[in-house]
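Visitor:
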Amino acid sequence: MSNNYSRPLVNRLGSTDLQELQQARADKYNLVSNLKIATDESTPQQIAHKIIQQLF
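Given below as structure tokens:
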């Protein structure tokens, strides 16, 4: 993700800092989320299918 100009924090923070930021935000994300989708080792198409399954 480095050199991703649409995501400035990625360029400023190292991987350890990004992991810490994700951990700090995790409770807030979980509080407001309606869906939880496991995306590990899934293609974008598989993720889209999982989302559609949970919505309908």
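For the sequence shown, my numbering begins at -15 and goes up steadily by one. For each residue, glycine too, the CB sits at the ideal point set by N, CA and C. Since the structure is predicted, the reported quantities are computational estimates derived from the model, not experimental observations.
Can you give me the C-alpha to C-alpha distance between Asn(-5) and Gln38, rounded to a whole angstrom?
Guide: As a first step, residue -5 must be located in the sequence shown, where it is residue number 11. As a first step, residue 38 must be located in the sequence shown, where it is residue number 54. Answer to the nearest angstrom: the Cα atoms are 33 angstroms apart.
Visitor: When DSSP labels each residue in this structure, what does Ala32 get in the three-state scheme?
Guide: The sequence position of residue 32 within the sequence shown is 48, counting from 1. In the structure shown, Ala32 sits in a helix (DSSP, three-state: H, G or I).
Visitor: If you run the structure through DSSP and keep just helix, strand and coil, what is Leu(-3)?
Guide: In the sequence shown, counting from the first residue as 1, residue -3 sits at position 13. It is coil, neither helix nor strand.
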